[in-house]
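These protein sequences, in sequence, are chains Z and B.
Taken in order, the first sequence gives residues 87 to 249; the numbers are from this note's numbering.
Taken in order, the second sequence gives residues 87 to 249; the numbers are from this note's numbering.
Single-structure report; data block below.
Number of protein chains: 2
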Amino acid sequence: MGTEDIATTPPQQTDEEADDDEIVTWWGLVIEGYHTTQERLMAEITERFDLTPGAFDILVRLVRSPDYRMPMTKLAKEAALSSGGFTKVADRLVAAELIRREPCETDRRVTYVVLTDHGRRTAEEAKHACAEILRRTVLAPLGPENSERLAEAMRTLRTANAE
Amino acid sequence: MGTEDIATTPPQQTDEEADDDEIVTWWGLVIEGYHTTQERLMAEITERFDLTPGAFDILVRLVRSPDYRMPMTKLAKEAALSSGGFTKVADRLVAAELIRREPCETDRRVTYVVLTDHGRRTAEEAKHACAEILRRTVLAPLGPENSERLAEAMRTLRTANAE
DNA sequence: AAGAAACTTCTTGCTAGCTAGATATTTTCT
DNA sequence: AGAAAATATCTAGCTAGCAAGAAGTTTCTT
Chain Z
87 MGTEDIATTP PQQTDEEADD DEIVTWWGLV IEGYHTTQER LMAEITERFD
137 LTPGAFDILV RLVRSPDYRM PMTKLAKEAA LSSGGFTKVA DRLVAAELIR
187 REPCETDRRV TYVVLTDHGR RTAEEAKHAC AEILRRTVLA PLGPENSERL
237 AEAMRTLRTA NAE
Chain B
87 MGTEDIATTP PQQTDEEADD DEIVTWWGLV IEGYHTTQER LMAEITERFD
137 LTPGAFDILV RLVRSPDYRM PMTKLAKEAA LSSGGFTKVA DRLVAAELIR
187 REPCETDRRV TYVVLTDHGR RTAEEAKHAC AEILRRTVLA PLGPENSERL
237 AEAMRTLRTA NAE
């Protein structure tokens with residue numbers, strides 16, 4: 087407080103404003119670090135497998151599901167997509183013959199999406215490539231201890247800010 | 087190695103596949119933690135100030151620049167936008183009377199964007215609100231030590247994966 | 001000084017994903 | 001049983017941002 091009258095290079099900035107600035111810059115660093123890494127990861131994946139980031143995400147979730155299958159709504163929610171948005175992603179994946187739709191016998195509102203054989207192979211290869219890239223671009227630079235701490239911090243943020 | 091013959095709940099998964107899975111899941115946690123937090127932050131900002139996330143980012147960068155002014159190309163690069171994409175963001179900000187374009191006297195290829203008075207006020211208020219939200223939703227849950235470690239990890243990732 | 005090369009901005013057309021609302025089905029309540 | 005509410009998917013129209021390329025300006029080379 088009380089430096090309002092002294093004009094320095096950033097024109098008359100109060101201590102409080104400087105504080106705000108520091109915090110916003112600090113979070114900007116998080117944004118940049120995250121995006122740089124994620125974009126590099128996705129650049130390699132999309133180039134090697136001809137998948138969009140959204141499609142890759144769906145495939146990985148499906149390949150981990152029992153019978154490689156999940157109801158549309160559940161999958162959309164997991165992937166943080168709207169139902170309308172997910173319909174289009176699913177359309178594209180069906181067109182690429184990576185998944186197919188299957189009606190549910192017991193509840194006719196529900197449609198399952200299921201990996202095709204081609205989709206399962208692609209998903210497994212892409213997941214393996216993803217892990218390899220992550221070892222190289224994230225785990226190696228950070229080291230195991232910092233990696234563990236990063237995960238812990240993110241877990242905290244997720245729980246603190248969920249819904 | 088050597089567990090291929092024993093079928094467990096995920097149908098015959100090798101150790102290597104389990105390893106891949108663990109890493110991909112670990113990074114998925116980072117994605118989720120980051121997005122949850124960022125979305126909550128942006129939800130509050132966009133609601134209070136009628137700004138898109140991209141517009142907010144531009145405004146904050148401008149309010150920190152000398153004379154509240156920057157060449158289009160430099161600003162686009164800082165904000166990780168393509169030049170075409172940035173033209174449209176700038177169009178919207180001009181329409182909202184938050185910035186204006188100004189030709190450069192010495193190099194007629196260059197156009198500056200400059201905060202209007204209204205833009206400067208909005209940017210300062212939004213930055214202050216952003217800092218307040220970050221204190222509440224990020225710094226408080228993490229605590230100072232973990233916050234410092236998070237920034238350090240992100241700095242490492244940024245440098246490791248730049249360009 | 002003339003032409004080539006590089007740089008900056010803007011235009012055009014495209015894609016991904018969202019919101020709102022339509023339709024069909026199931027569940028719940030009376 | 002039948003009305004009302006909830007659930008699941010799809011459709012239509014919208015927005016943000018990208019990529020490619022057009023057009024103008026400057027700088028470099030001869």
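From the three backbone atoms N, C-alpha and C, an ideal C-beta is built for every residue, glycine too.
{"Asked": "In chain B, which residues lie less than 9 Å from Z:LYS213 when you measure between Cβ atoms?", "Found": "GLU103, ASP106, ASP107 and VAL110"}
{"Asked": "Identify the contact partners of B:THR242 in chain Z, using a Cβ-Cβ distance below 7 Å as the criterion.", "Found": "PRO227 and LEU228"}
{"Asked": "Cutting at 7 Å between CB atoms, please list the residues of its own chain near B:VAL196, excluding the five before and the five after it.", "Found": "PRO157 and CYS190"}
{"Asked": "By a C-beta neighbour count over all protein chains shown, 10 Å radius and 16 as the cutoff for buried, is B:SER168 buried or exposed?", "Found": "exposed"}
{"Asked": "B:GLY205: buried (16+ other C-beta within 10 angstroms of its C-beta) or exposed?", "Found": "buried"}
{"Asked": "Apart from the five residues on each side of it in sequence, which residues of its chain come closer than 7 Å, Cβ to Cβ, to Z:LEU225?", "Found": "SER233"}
{"Asked": "Please return the same chain residues whose Cβ sits closer than 7 Å to the Cβ of B:THR223, not counting the five positions on each side in sequence.", "Found": "THR123, ARG126 and LEU127"}
{"Asked": "What does DSSP give as the partner residues of Z:THR197 in its beta bridges?", "Found": "Z:PRO189"}
{"Asked": "For the beta strand (DSSP E) holding Z:ARG155, just list the boundary residues, first then last.", "Found": "155-157"}
{"Asked": "Using a Cβ cut-off of 9 Å (strictly closer), state whether Z:ARG207 contacts chain B.", "Found": "no"}
{"Asked": "Which of the three DSSP states is assigned to Z:SER168 in this structure?", "Found": "coil"}
{"Asked": "When you compare the CB of Z:SER233 with every CB in chain B, is at least one pair closer than 9 Å?", "Found": "yes"}
{"Asked": "Is the separation between the beta-carbon of B:TYR250 and that of Z:VAL146 shorter than 9 Å?", "Found": "Because chain B in this structure spans residues 87 to 249, residue 250 of chain B falls outside the shown range and cannot be described."}
{"Asked": "Determine the direct distance from the alpha carbon of B:GLU218 to that of B:THR159, and round the result to whole angstroms.", "Found": "31 Å"}
{"Asked": "In the region 109-149 of chain Z, which residue ranges form an unbroken alpha helix (DSSP H) of at least 4 residues, counting only runs that do not cross its ends?", "Found": "139-149"}
{"Asked": "Quick one: what does DSSP say Z:GLU249 is sitting in, helix, strand or coil?", "Found": "coil"}
{"Asked": "Considering only the beta carbon of each residue, do B:LEU243 and Z:VAL110 sit closer than 9 Å?", "Found": "no"}
{"Asked": "When you check each C-beta in the region 117-139 of chain B against every C-beta of chain Z, which residues fall closer than 9 Å?", "Found": "ILE117, GLU118, GLY119, TYR120, HIS121, THR122, THR123, GLN124, GLU125, ARG126 and LEU127"}
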